[in-house]
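A short worksheet on the structure shown next.
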Amino acid sequence: LLRYSSLCNVIVIEPLMDNMMSRLKDVNVTVRMLAVRGLGNMATGSSDKVRKHGSQLLTAMINAMDDREDSEHMVTQEAMLTLSMLLPHVQEADIHSLLIHTAIRIRPFFDH
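Count the sequence shown with UniProt numbering and you get residues 1 to 112, in order.
Okay, here's the thing in structure tokens:
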């Protein structure tokens with residue numbers, strides 16, 4: 001739903017976003033991965049909401065990259081993809097405040 005800008009004008013984004021944020025802690029790894037994907041779809045359908053909630057979304061993706069319950073790294077990969085989709089739409093100040101945390105989270109993937 002969040003991928004289509006025409007629907008984003010009709011539906012209320014905040015409750016959907018809050019619901020997906022709460023699903024990032026779900027016991028099921030697939031649910032967590034799909035929640036990350038749903039949040040990333042905001043970049044396509046509602047970039048103004050991404051700017052508004054940039055810090056919260058970036059923090060969620062950084063935390064999702066550190067999912068220790070995900071042995072196949074599905075959530076981590078989705079979080080990295082989503083992060084790349086969100087970055088062009090967030091405010092520069094939000095990026096700067098979380099840059100070190102982001103670098104620390106993605107560094108292990110370049111060490112292999």
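For each residue, glycine too, the CB sits at the ideal point set by N, CA and C.
Since we're looking at a predicted model, the values are computed, not measured.
Buried or exposed by the 16-neighbour rule on C-beta atoms within 10 Å, applied to residue i
i: Ser-99; result: A quick correction: the sequence has Leu, not Ser, at residue 99. Leu-99 is exposed by the Cβ-count criterion.
i: Lys-49; result: buried
i: Ser-84; result: exposed
i: Glu-92; result: exposed
i: Ser-22; result: exposed
i: Ala-103; result: exposed
Member of the options whose CA lies at the smallest distance from the CA of residue i
i: Ala-43; options: Met-33, Leu-34 and Gly-54; result: Gly-54
i: Gln-56; options: Leu-87, Leu-81, Met-33 and Glu-78; result: Leu-87
>> Check whether the stretch 27 to 38 and the stretch 64 to 81 are in contact - that is, three or more C-beta pairs closer than 8 Å.
In response: The stretch 27 to 38 makes contact with the stretch 64 to 81: 3 or more CB pairs, one atom from each, lie closer than 8 Å.
> Taking the runs of the alpha helix (DSSP H) that are 4 residues or longer, which of them lie wholly in the stretch 8 to 82?
Replying inline: List check, alpha helix (DSSP H) in window: 13 to 23, 29 to 45, 47 to 52 and 54 to 64.
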